[in-house]
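Here the protein sequences line up with chains A and B, keeping their order.
Just add 46 to wherever you are in the first sequence, counting from 1, and you've got our numbering.
Just add 1 to wherever you are in the second sequence, counting from 1, and you've got our numbering.
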Amino acid sequence: MIWTHKDLIGMDALGRDDIENIFDIATSFKEISTREIKKIPTLRGKTVVLLFYEPSTRTRMSFEIAAKRLSADTVSLSASGSSFEKGETILDAARNIMTMAPDCIVIRYPHAGIPELLARTLPCSIINAGDGFHEHPTQALLDIYSMRDHFGYTQGLNVLIAGDIMHSRVAKSNVYGLKKFGANVTLVAPKTLLPPGIDKWGADVCTDFDSALPDADVVMMLRIQKERIEQQFFSGEREYALFYGLDKSRVEKMKEGAIIMHPGPVNRGVEITYDATESARSVILDQVENGLAIRMALLYLFLGGGKRVD
Amino acid sequence: MWIKGGRILDPATNTDAIGDVCIEGAEIASIYPGGKTAETNDVIDATGFWVMPGLIDMHAHLRDPGFEYKEDIYTGSLAAAAGGITTVIAMANTDPVNDSPAVTEYIIGKAKEVGLVRILPVGAATKGQKGKELAEMGLMKAEGIAGISDDGAPIEDAFMLRKILEYAATFGLRVISHPEDKSLSASGVMNEGELSTRLGLSGIPKAAEEVMVARDVIVSEFTGLPVHITHISTKGSMDIVKRAKEKGIPVSCDATPHHLLLTEERVSSYDTNTKMYPPLREDQDRGALIEGIKTSVIDVIATDHAPHARDEKDRDFDLAPFGVIGLQTLLPAVIKLHLEQDIDLMKAVSCVTINPARILGIDGGTICPGARADITIVDPNAVWTLTGDMIKSKSKNSPFIGSAFKGKVVYTIARGRKVYEDGS
């Protein structure tokens, strides 16, 4: 199959075939991380710039390790300690970085649209590692991969995504991706955290967590940010945890075989408790592990580790 | 000066006829329907052209004093002249704010020094546009302001609005209200809806505008005093104004060319030249605005010309300032609306000439003996595409760069003097 994409900005632009291709390669790369020498020379001589203008542990490390396992050189830049602090805009910074001929820029940015603007203006590949409330496609890819890895299929899977849907790029990218894989998505949140026009996403929407929970094969909890309380999206942590938190009693109400996911970092005691993260249903750490394989596959495809991949 | 053989379009006198216009000094001396042998050598051959009153742009930000890096009175005058605009109503959110006779005097003095078009400042409604204390409206009026507005910093307090309407009426000044409930527009950057969610941008609900339009209408009815509501953008606002006018409440309103010609789909590219307040709305809203012009619910088409420097706009959509320029695209947009949306030409022209003049109580906006010799001559058949280097403004933040237009200004005459000639 020929990989024709220059950039990865959102899940909408990827076809199911593209995603299957990414998954196949990810599966073949998983084994590398179990070797004693965890490195293959595939991307030797390629340069990957990691531009993280927003805090990140998992995604940033995952990309960096992924690039290194494939022997690419990585350069990491974050907002603090860069010229961003001196007022340089991201667009100017990117123009400067481009003169150093990177092959790929992985970008995390607090506002929507910048990865797309960079993709339109720069010749190298741009991979969106999360932009504002827009998209986080690599997270959705690893989530869907993890679901398929666990169940062996995605068709007809009931996926419940609960939490701050309005401000979640993860939820959005997952809805776009899961639709391509025949899953049924239900979004659960108080009305204040449901974005406008959500009825047009092709997902079910409800405000009652308990009524939606028993049917779900996958329960994906989203991180709830404390600043949303000040912004009047909900009354406080106590009430949120009571109505929308995944705790022991709710874990017990889940369907047999159903799993718990979370993109991290978790806010313990708010949207999720130890009982849930440490339950046998939790695949949260598998998600992180799969994330590495997915990002290796993406770098491989975008950096032309073989323009033509069968 | 003698303008020969053009099609004279003057909604104020209901004139649509081929004829000659004779100008003496700064005034129009006579109109000769059918034409007459010119009595001077200073002749403009307007055969095949439209001859209309010089345009009045009721809503522009010229940024001078204080933000001269965005625009100043000279570049703003050049852009206006190139756009066939002979009177610019300049909003008060400068630095310092135009809330005192000294600032008004500065603006008018500098405009006269530049000497291209008439610039009439709007005075702030409140000191510093802070919404707390009334500005010196009477003293500013004596220096020449043409209206009152806290545009850019909407009047949130209904008590203040009442006092502003009453105090402005005392001096015969019209109040221009920028309808925005800041608590509802919050951190929004585009129209709220499915598209804003898809793009990951925060939305500005239509209600942020409509609740204030409704409030303005109610306060106008209650005080019996007129209010002009600027840059209306939604179908809901149109419905409110329509009902108000039917009830005889003294409200008037305007819409911008960009809200009449573009929709929120344009934001999909994250082009910051599609970011303005109010935001571009949906097609049904645009349709309602066009209907509003046809039914005279909308009185005026005004630019809300809002220059911003390239470095301010060349960044994230979330962080870029609101506003687009419009002086050179006002008349082309008006012609486009006539040609593509079946808006009667005289009706369209009235929205940029006599209607704003009447609302503000200023002279101009008509071609008749004794009137200011402010005339715009247009080649209605010229087809052209706007490019960045055609823009005379200091800032180039136009959403119409790359758009094709039919109809081009060939001469702009202000107070009997050619202030713009195409190709020169």
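Virtual Cβ for every residue (Gly too), placed ideally from N, Cα, C.
Residue i at chain B interface by Cβ criterion, 8 Å
| i | result |
| --- | --- |
| Asp-210 (chain A) | no |
| Pro-241 (chain A) | yes |
| Ile-207 (chain A) | no |
| Arg-354 (chain A) | Unreliable placement is indicated for Arg-354 (chain A), whose pLDDT of 41 sits below 50; no coordinate value is reported for it. |
| Arg-215 (chain A) | yes |
| Thr-135 (chain A) | yes |
| Ile-318 (chain A) | no |
| Phe-98 (chain A) | no |
| Glu-273 (chain A) | no |
| Ile-160 (chain A) | yes |
| His-157 (chain A) | yes |
CB contact check: residue i to chain A, cutoff 8 Å
| i | result |
| --- | --- |
| Leu-202 (chain B) | yes |
| Thr-14 (chain B) | no |
| Thr-235 (chain B) | no |
| Tyr-75 (chain B) | no |
| Tyr-70 (chain B) | no |
| Glu-195 (chain B) | yes |
| Thr-198 (chain B) | yes |
| Tyr-278 (chain B) | no |
| Val-212 (chain B) | no |
Proximity winner among the options, relative to residue i (alpha-carbon distances)
| i | options | result |
| --- | --- | --- |
| Ala-139 (chain A) | B:Gly-201, B:Ala-358, B:Arg-316 and B:Ala-405 | B:Arg-316 |
| Val-221 (chain A) | A:Met-47, A:Thr-50, A:Met-57 and A:Ile-48 | A:Met-57 |
| Ile-355 (chain B) | B:Glu-106, B:Pro-54 and B:Ile-19 | B:Pro-54 |
| Ile-9 (chain B) | B:Asn-382, B:Val-411, B:Cys-369 and B:Phe-401 | B:Cys-369 |
| Asn-174 (chain A) | A:Thr-167, A:Ile-160 and A:Leu-168 | A:Ile-160 |
| Lys-133 (chain B) | B:Pro-155, B:Val-384 and B:Lys-113 | B:Pro-155 |
| Gly-173 (chain B) | B:Asp-152, B:Ser-394 and B:Gly-148 | B:Gly-148 |
| Met-277 (chain B) | B:Glu-292, B:His-260 and B:Gly-194 | B:His-260 |
| Ser-184 (chain B) | B:Asp-43, B:Glu-195 and B:Glu-211 | B:Glu-211 |
| Glu-162 (chain A) | A:Gly-248, A:Cys-150, A:Leu-239 and A:Asp-177 | A:Asp-177 |
| Val-94 (chain A) | A:Thr-50, A:Ser-325, A:Ile-143 and A:Lys-226 | A:Ile-143 |
| Leu-320 (chain B) | B:Thr-257, B:Gly-371, B:Ser-203 and B:Ile-233 | B:Ser-203 |
| Ala-170 (chain B) | B:Leu-226, B:Pro-180 and B:Ala-208 | B:Leu-226 |
| Glu-72 (chain B) | B:Trp-385, B:Gly-327, B:Val-252 and B:Gly-145 | B:Gly-327 |
| Tyr-168 (chain B) | B:Lys-142, B:Glu-181 and B:Gly-189 | B:Lys-142 |
| Ile-71 (chain A) | A:Tyr-191, A:Ile-151 and A:Ile-83 | A:Tyr-191 |
| Gly-223 (chain A) | A:Glu-181, A:Met-47 and A:Phe-348 | A:Glu-181 |
CB-CB length for residue i against residue j, believed under 8 Å
| i | j | result |
| --- | --- | --- |
| Val-316 (chain A) | Tyr-286 (chain A) | 6 Å |
| Gly-209 (chain A) | Tyr-290 (chain A) | 7 Å |
| Gln-285 (chain B) | Lys-248 (chain B) | Gln-285 (chain B) to Lys-248 (chain B), Cβ: 24 Å. No contact. |
| Ala-83 (chain B) | Lys-397 (chain B) | About 14 Å; that fails the 8 Å criterion. |
| Leu-79 (chain B) | Leu-121 (chain B) | Actually they are not in contact, since the Cβ atoms of Leu-79 (chain B) and Leu-121 (chain B) sit about 17 Å apart, beyond 8 Å. |
| Leu-344 (chain A) | Thr-184 (chain A) | 7 Å |
| Met-191 (chain B) | Ile-177 (chain B) | Contact doesn't hold; Cβ gap of about 24 Å is too wide. |
| Gly-417 (chain B) | Ala-358 (chain B) | Not quite, the Cβ-Cβ distance comes to about 18 Å (not below 8 Å), so this is no contact. |
| Gly-129 (chain B) | Thr-95 (chain B) | Contact doesn't hold; Cβ gap of about 11 Å is too wide. |
| Ile-378 (chain B) | Trp-51 (chain B) | 7 Å |
| Ile-211 (chain A) | Leu-239 (chain A) | 6 Å |
| Val-104 (chain B) | Ala-61 (chain B) | Actually they are not in contact, since the Cβ atoms of Val-104 (chain B) and Ala-61 (chain B) sit about 16 Å apart, beyond 8 Å. |
Open item on the list: Give me the subset of the stretch 298-319 of chain B whose CB atoms are less than 9 Å from a CB atom of chain A, sorted by chain position.
Closed with: Asp-312, Asp-315, Arg-316, Asp-317, Phe-318 and Asp-319
- [ ] Only counting runs of 3 or more residues, tell me where the beta strand (DSSP E) segments fall wholly within the stretch 112-176 of chain B, in order along the chain.
- [x] 119-124 and 148-150
TODO: Scan the stretch 203-286 of chain B and note each continuous alpha helix (DSSP H) run of 4 residues or more that stays entirely inside, going in chain order.
DONE: 207-224, 236-247 and 258-262
Task: Entirely enclosed alpha helix (DSSP H) segments - the stretch 175-203 of chain B, minimum 4 residues - done: 183-186 and 195-200
Open item on the list: If we require 4 or more residues per run, which alpha helix (DSSP H) segments fall completely within the stretch 285-366 of chain B?
Closed with: 311-314, 331-341, 346-351 and 355-361
Task: Segments of 3+ residues assigned as beta strand (DSSP E) that fall wholly inside the stretch 144-176 of chain A - done: 150-155
Open item on the list: Extract the residue ranges of the beta strand (DSSP E) inside the stretch 234-308 of chain A, only unbroken runs of 3 or more that lie entirely within it.
Closed with: 250-252, 264-267 and 305-307
Open item on the list: Any C-beta of chain A within less than 7 Å: which residues of the stretch 265-292 of chain B qualify?
Closed with: Tyr-271
Task: Near-chain B residues of the stretch 162-195 of chain A (beta-carbon distance less than 9 Å), N- to C-terminal order - done: Glu-162, Leu-163, Arg-166, Asp-177, Gly-178, Phe-179, His-180 and Glu-181
- [ ] Would you list, in chain order, the members of the stretch 224-256 of chain A that have their beta-carbon closer than 9 Å to a beta-carbon of chain B?
- [x] Pro-241, Pro-242, Gly-243, Ile-244, Asp-245, Lys-246 and Trp-247
- [ ] Mind listing, in chain order, the continuous beta strand (DSSP E) runs of no fewer than 3 residues lying wholly within the stretch 51-121 of chain A?
- [x] 93-98
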